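Reading through the structure tokens given below for one structure.
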Amino acid sequence: MVVDDDSDHVFVLKIALRKGGYDVVEAYGGKECLSKIVKAKPDLVIMDIMMPDMNGWDVCKKIKEDPLTSAIPVSMLSVRGEEEDIRKSFDYAHADEHMRKPIELGKLINTVESLLSRAST
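Remember, this note's numbering sits 1 above the position in the sequence shown when you count from 1.
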């Protein structure tokens, strides 16, 4: 699942992930992500932090606190890459990864593969 309020970012990530052999569920905000995640049962969530309806940290925290979704790996993907932002992704939101925009597509696929292999063990 790709979650971002910017449809251009969703489109680019969707194309890259599909080229990597992955199916993609789209959500254009935090509330939409939370409403879709239980039904969609994604193997992984890649989420922006700065979204107008609900920030990605709060969405990730809700995902990780819900027993139905807590095992789903979540990677934050944001222009916010300062040490305090990264720490908040891990310590507050309990994200599994924090990637910085813009991201090289090879690194994106490598991170996705790593998160999925960790989740399956």
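Think of the CB as a built atom: it goes at the ideal place given N, C-alpha and C, for glycine as much as any other residue. The model shown is predicted, which means the values in this text are computed figures rather than measured ones.
Look up residue i in the DSSP assignment and say whether it is helix, strand or coil.
| i | result |
| --- | --- |
| Val11 | helix |
| Arg19 | helix |
| Arg81 | coil |
| Ile64 | helix |
| Ser76 | strand |
One question on the structure: do residue i and residue j come within less than 8 Å of each other, judged by their Cβ atoms?
| i | j | result |
| --- | --- | --- |
| Met100 | Ser118 | no |
| Leu45 | Ile73 | yes |
| Asp67 | Asp5 | no |
| Lys62 | Tyr29 | no |
| Leu18 | Val113 | yes |
Just mark residue i as buried or exposed, buried being the case when its beta carbon has 16 or more other beta carbons within 10 Å.
| i | result |
| --- | --- |
| Ser71 | exposed |
| Ile16 | exposed |
| Leu116 | buried |
| Leu123 | Residue 123 lies beyond the stretch modelled for the chain, which goes from 2 to 122, so this question has no answer here. |
| Glu105 | exposed |
| Lys32 | exposed |
| Lys108 | exposed |
| Val39 | exposed |
| Pro43 | buried |
What is the residue span of the alpha helix (DSSP H) that residue i lies within?
| i | result |
| --- | --- |
| Leu116 | 106 to 120 |
| Leu35 | 31 to 41 |
Roughly how many angstroms separate the alpha carbons of residue i and residue j, rounded to a whole number?
| i | j | result |
| --- | --- | --- |
| Ser8 | Asp54 | 15 Å |
| Lys120 | Asp97 | Here residue 120 is Ala; the residue named in the question, Lys, does not match the sequence. Near 10 Å, if we compare the C-alpha coordinates of Asp97 and Ala120. |
| Ala41 | Asn111 | 23 Å |
| Met51 | Gly57 | 6 Å |
| Val3 | His95 | 18 Å |
| Lys89 | Lys65 | 14 Å |
| Leu35 | Val26 | 12 Å |
| Ile47 | Leu78 | 6 Å |
| Tyr23 | Glu84 | 30 Å |
At what residues does the beta strand (DSSP E) containing residue i begin and finish?
| i | result |
| --- | --- |
| Ile47 | 46 to 48 |
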